[in-house]
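> This is the structure, below, for whatever I ask next.
In full-length UniProt numbering, the protein residues as written are 1 to 538.
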């Protein structure tokens, strides 16, 4: 009889390494794009295709990944996604033409999207209510660490011949370590009967599929049966408000705000990426420590309220502080190897967005904006910008009368990143991994994830047109009003799942056809936990 594997540390490593892989793959293109442009002579359109190809694979995974997760299991889905990621990384490392690069990036996008969904579900099912929030939130922590790690590695390899091949290849390391950790863990909730020592973690009986278990189809997500429609409203509302509050596009102006307070050139880019990334890591770690103490609703409500105030503050400040338009890929060939990455640093659970080609003044000049979609996750979500520099001239030093407003905008930006990182970023994907029945959890999670990507795409495509129609300040103020609506949605409809097993969350939804202020009626204090002693027959 062998020793039991250390379940909680292994679950933590699976969650953290999965997020690290996700974040690294999203941000690595920022350092690789410029050398790729120089080595392959990529045009603006080709650069956009290369960055956006990740989205194509991720969108495909969000459409079919749910069925893969439910049919083949969470663990197999993660292992399979790692195989695809390793193949994509190998393809990118050996690629000699643009088509091979596009194939590799699409494969990587499919892999990280599938893995992000499967990881959150797998961890939420494998551990109990007292550890679930922390361990699932570690995925978001891994995303932020992966992004910062990619910045550091991109900087180290920037002057290395064919350094971009090494940048892409290093993504294999955390994927391999995650696969190794998975080998010592059961297949998921369906494997608990073979690992009875995990029953204590779930706080209830080990469940296994049987004739008494309800079976669900995809269409059941829109029916009143077992409050499935209510759950779908909660899930879609969270992912939509996560994006409609404008978080990716607000970060689009991060570098400009840093320049407005006196930081010039490369320093503004470094502060916008590393500075905001550090703030995000700190806020996400704070959320990880509080999510099982303060609860999901408390973090969502406080984060959304602070987002509404801070983004409105940026909008008010921008009435007096002139903010330029964003970067242009046409300037890339004339730049040094400095990377202007204001958006990448705040990327949450979830995903990246495609490039947005809009004209800015000159119809031949494309504006490229890459913005995020959580994680899965997560995905906390944020935005990712390739190695581009600002096309507009560096603004003059701020007039003394504007200094206070510029610093106010900077503080609001920091608060906005922090608020998203301890609210919508990690908690959205945690709640999604908890509220659906096991039998349809993969498909439901993937369905909401696809709306997350679609909403992110919509926000990006309409951003510049919206600024042209109502102005930058009113655009930010509109995002603030949307955050207020999101605050009301969370208060009225989002349940509190802290301290409850997945079975108890299921019972709560079945007793409440629509969970109006659902979190206030729950009393998890009476939940009993006990360990079952099961003799081993082996």
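Cβ coordinates follow ideal geometry from the N, Cα and C atoms, glycine included.
Small disclaimer: the values here were computed from a predicted structure and weren't measured.
Considering only C-alpha positions, which residue in the set 14, 428, 488, 173 is nearest to residue 123?
Residue 123 sits at position 123 when you count from the first residue of the chain shown. Selected option, being the one with the closest Cα: 14.
> In chain order, what residues of the same chain have a beta carbon less than 6 Å from the beta carbon of residue 181, not counting five sequence neighbours either side?
Position 181 of the chain shown, counting from 1, holds the residue named residue 181. Closer than 6 Å at the Cβ level, and outside the excluded window around residue 181, lie 10, 13, 14.
> Indicate the three-state DSSP secondary structure (helix, strand or coil) for residue 220 in the structure shown.
Taking the first residue of the chain shown as 1, we reach residue 220 at position 220. Three-state result, residue 220: helix.
> State the start and end residues of the unbroken alpha helix (DSSP H) segment that holds residue 22.
In the chain shown, counting from the first residue as 1, residue 22 sits at position 22. Taken as a continuous stretch (DSSP letters only), the alpha helix (DSSP H) holding residue 22 covers 7-40.
> So, for residue 440: in the same chain, excluding its five sequence neighbours on each side, which residues have a beta-carbon less than 6 Å away from its beta-carbon?
Working through the chain shown from its first residue, we reach residue 440 at position 440. Answer for residue 440: 216, listed in chain order.
> If we call anything under 8 Å between Cβ atoms a contact, is residue 482 one with residue 244?
Residue numbering aside, residue 482 sits at position 482 when the chain shown is read from its first letter. Residue numbering aside, residue 244 sits at position 244 when the chain shown is read from its first letter. Cβ distance < 8 Å, so residue 482 and residue 244 count as in contact.
> Pop quiz: residue 67 and residue 443 are said to be a contact at Cβ under 8 Å. What is the actual Cβ separation, rounded to whole angstroms?
Translated into positions along the chain shown, residue 67 becomes position 67. Translated into positions along the chain shown, residue 443 becomes position 443. That belief holds up - the Cβ atoms of residue 67 and residue 443 are roughly 6 Å apart, short of 8 Å.
> Does residue 162 pass the burial test, meaning 16 or more other C-beta atoms within 10 Å, or should it be called exposed?
Taking the first residue of the chain shown as position 1, residue 162 is located at position 162. That one is exposed.
> My output table needs one value for residue 383: the three-state DSSP class, helix, strand or coil.
For the purposes of this step, residue 383 is taken as the residue at position 383 of the chain shown. Since pLDDT at residue 383 reaches only 40, below the 50 mark, its modelled position is unreliable, and no value is offered.
> Taking 8 Å as the threshold, find out whether the stretch 117-133 comes into contact with the stretch 74-88 through three or more Cβ pairs.
Judged by Cβ distances under 8 Å, the stretch 117-133 makes contact with the stretch 74-88, as three or more pairs qualify.
> Quick one: grab the DSSP three-state call for residue 436.
Numbered from 1 along the chain shown, position 436 holds the residue referred to as residue 436. Residue 436 falls in the coil class under three-state DSSP.
> With the cut-off set at 8 Å, would you say residue 419 and residue 275 are in Cβ contact?
Position 419 of the chain shown, counted from the first residue, corresponds to residue 419. Position 275 of the chain shown, counted from the first residue, corresponds to residue 275. No, the pair does not count as a contact, with Cβ atoms beyond the cut-off.
> Closest to residue 187 by CA distance: which of 509, 233, 127, 223 is it?
Mapped onto the chain shown, residue 187 falls at position 187. The candidate whose alpha carbon is nearest that of residue 187 is 127.
> What is the DSSP secondary structure of residue 64, counted as helix, strand or coil?
Sequence index remark: in the chain shown, residue 64 carries index 64 (1-based). In this structure, residue 64 counts as helix in the three-state DSSP scheme.
> Exposed or buried, residue 293, counting other C-beta atoms within 10 Å across all chains shown (16 or more means buried)?
Your numbering for residue 293 matches position 293 in the chain shown. Residue 293 is exposed by the Cβ-count criterion.
> If residue 58 sits next to residue 113, beta carbons under 8 Å apart, how far is it from one beta carbon to the other, in whole angstroms?
Looking up residue 58 in the chain shown gives position 58. Looking up residue 113 in the chain shown gives position 113. Sure, about 4 Å apart at Cβ, within 8 Å.
> Starting from the Cα of residue 55, find the closest Cα among 22, 87, 37, 35 and give me that residue.
Stepping through the chain shown from its first residue, residue 55 is reached at position 55. Of 22, 87, 37, 35, the residue nearest in Cα terms is 22.
> Quick one: Cα of residue 93 to Cα of residue 164, how far?
Stepping through the chain shown from its first residue, residue 93 is reached at position 93. Stepping through the chain shown from its first residue, residue 164 is reached at position 164. Taking the straight line from one Cα to the other gives about 8 Å.
> At the level of alpha carbons, what is the spacing between residue 467 and residue 50?
Walking along the chain shown from the start, residue 467 turns up at place 467. Walking along the chain shown from the start, residue 50 turns up at place 50. Between residue 467 and residue 50, the C-alpha separation is close to 27 Å.
> Whole angstroms are fine: how far does the CA of residue 313 sit from the CA of residue 34?
As a first step, residue 34 is located in the chain shown; it is residue number 34 there, counting from the start. As a first step, residue 313 is located in the chain shown; it is residue number 313 there, counting from the start. Between residue 34 and residue 313, the C-alpha separation is close to 34 Å.
> Using 10 angstroms around the beta-carbon of residue 280, count the other beta-carbons present and answer buried if the total reaches 16, otherwise exposed.
In the chain shown, the residue the question calls residue 280 occupies position 280. Classification of residue 280: buried, given that the 10 Å Cβ count is 16 or more.
> Using CA atoms only, rank isn't needed, just tell me which of 39, 411, 454 is closest to residue 62.
Residue numbering aside, residue 62 sits at position 62 when the chain shown is read from its first letter. Checking every option, the nearest Cα to that of residue 62 belongs to 454.
> Just reading off the alpha helix (DSSP H) that residue 474 is part of, what are its end residues?
Indexing the chain shown from 1 puts residue 474 at position 474. From DSSP, the alpha helix (DSSP H) with residue 474 extends over 472-493.
> Considering only residues of the same chain and omitting the five flanking positions on each side of residue 107, which have a CB-CB separation below 7 Å?
For the purposes of this step, residue 107 is taken as the residue at position 107 of the chain shown. Within the same chain, residue 107 has close Cβ partners 57, 84, 87, 88, 91.
> Measuring CA to CA, which of 470, 428, 426, 480 is closest to residue 413?
Start at 1 with the first residue of the chain shown, and residue 413 comes out as number 413. When each option's Cα is compared against that of residue 413, the closest is 480.
> In angstroms with no decimal places, state the Cα-to-Cα distance between residue 500 and residue 435.
Numbered from its first residue, the chain shown carries residue 500 at position 500. Numbered from its first residue, the chain shown carries residue 435 at position 435. Distance between the alpha carbons of residue 500 and residue 435 is about 11 Å.
> Pull up the distance between the alpha-carbon of residue 18 and that of residue 24, whole angstroms please.
Locating residue 18 in the chain shown gives position 18, where the first residue counts as 1. Locating residue 24 in the chain shown gives position 24, where the first residue counts as 1. Between residue 18 and residue 24, the C-alpha separation is close to 10 Å.
> Helix, strand or coil, according to DSSP, for residue 305 in the structure here?
Along the chain shown, read from residue 1 onward, the residue named residue 305 stands at position 305. In this structure, residue 305 counts as helix in the three-state DSSP scheme.
> Once DSSP output is grouped into helix, strand and coil, what is the label at residue 547?
Lying outside 1 to 538, the shown extent of the chain, residue 547 is not represented and no answer is given.
> Looking only at its chain, what residues have a beta carbon closer than 8 Å to the beta carbon of residue 102, apart from the 5 residues adjacent to it on each side?
Taking the first residue of the chain shown as position 1, residue 102 is located at position 102. Correct list, in chain order: 49, 50, 53.
> In the DSSP assignment, find the alpha helix (DSSP H) that holds residue 187 and state where it starts and stops.
Translated into positions along the chain shown, residue 187 becomes position 187. First-last for residue 187: undefined, no H or E at that position.
> Considering just the uninterrupted stretch of the alpha helix (DSSP H) at residue 320, what are its terminal residues?
Taking the first residue of the chain shown as position 1, residue 320 is located at position 320. Taken as a continuous stretch (DSSP letters only), residue 320 belongs to no alpha helix (DSSP H), as it is neither H nor E.
> Answer with buried or exposed for residue 469, where buried requires no fewer than 16 other C-beta atoms within 10 angstroms of its C-beta.
As a position in the chain shown, residue 469 is number 469, starting the count at 1. Exposed is the call here.
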